[in-house]
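Below is one structure; the comments refer to it alone.
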Amino acid sequence: MKKILLLISSIFLIIMLTGCTKKTSITTKEFVSHAHEHTYEPYNIIEQYSQFTNIKEATLVRGREGWQIEFYVLIDANAADNMFITNKNKFEKSKGTSSSSMNTSGTNYNTYTLKTNGEYKYISRIDNTLLFVDENANYEKEIKEFINEVGY
């Protein structure tokens, strides 16, 4: 019996470590709803991206202290992945001498976190959606709470 439990635990661990996990994306409506629950201000910012045909929806949520989180719905997962890679590369170029970063990925998602020079940078793609943060590290705790709540 112990061998079976050990085998099942090992298989589960291997699956987790190889990134075979999957996340569920949310809609813009759900993102805005979460913002309202926290009394954060949501703004439709799609007009700023009218020249980009791969972005279908763009929403910004502003916290009480002025920090903001951007949420995008793109035409497909490939477009979202390209946007993820582009922004991750920009973040990496801003690394200071003292920084920490973390990458995670699964079958339908990627996340990247960077803390550097007093800044908290976070980008997460699930399917064809993307969540983007580039803020002062003082707001990290509140931003992380919101990000975790929406599942990104």
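At position 24 of the sequence shown the residue is numbered 49 (my numbering), and the sequence of numbers has no breaks.
Built from N, CA and C at the ideal position, the CB exists for glycine as well.
- Check each candidate in Asn-107, Glu-144, Asp-152 and name the one with the smallest Cα separation from Ser-123. Residue 123 sits at position 98 when you count from the first residue of the sequence shown. The shortest Cα separation from Ser-123 among Asn-107, Glu-144, Asp-152 belongs to Glu-144.
- Excluding the 5 residues preceding and the 5 following Phe-116 in the sequence, name in chain order all residues of the same chain whose CB lies nearer than 6 Å to its CB. Walking along the sequence shown from the start, residue 116 turns up at place 91. Leu-139, Lys-146.
- For the putative contact between Thr-53 and Phe-109, defined by C-beta atoms under 8 Å, what is the C-beta separation to the nearest angstrom? Translated into positions along the sequence shown, residue 53 becomes position 28. Translated into positions along the sequence shown, residue 109 becomes position 84. Thr-53 to Phe-109, Cβ: 18 Å. No contact.
- Residue environment, Asn-128, which counts as buried when at least 16 other CB atoms sit within 10 Å: Numbered from 1 along the sequence shown, position 103 holds the residue referred to as residue 128. Label assigned to Asn-128: exposed.
- Taking the C-alpha atoms as reference points, what is the distance between Val-98 and Thr-154? For this step, residue 98 is matched to residue 73 along the sequence shown. For this step, residue 154 is matched to residue 129 along the sequence shown. Their backbone Cα atoms lie some 5 Å apart in a straight line.
- Query: Which one or two residues does DSSP pair with Arg-150 in a beta bridge?
  - Reply: Locating residue 150 in the sequence shown gives position 125, counting from the first residue. In DSSP, Arg-150 forms a bridge with Asn-135, Leu-155.
- Can you tell me which of Phe-171, Asn-133, Val-86 puts its alpha carbon nearest to the alpha carbon of Glu-66? Looking up residue 66 in the sequence shown gives position 41. With distances taken between Cα atoms, Glu-66 lies closest to Val-86.
- Just the Cα atoms here: how many angstroms apart are Asn-135 and Thr-78? Your numbering for residue 135 matches position 110 in the sequence shown. Your numbering for residue 78 matches position 53 in the sequence shown. Roughly 22 Å between the two C-alpha positions.
- Candidates Thr-141, Trp-92, Asn-114, Thr-132: closest to Tyr-164 by CA position: For the purposes of this step, residue 164 is taken as the residue at position 139 of the sequence shown. Per the Cα distances, Trp-92.
- Residues that DSSP places opposite Ser-126 in a beta bridge: Within the sequence shown, the letter at position 101 stands for residue 126. DSSP output for Ser-126 lists Leu-139 as bridge partner(s).
- Item | Buried versus exposed, by CB contacts within 10 Å (16 or more), Thr-84 | Looking up residue 84 in the sequence shown gives position 59. The residue is buried, with at least 16 neighbouring Cβ atoms inside 10 Å.
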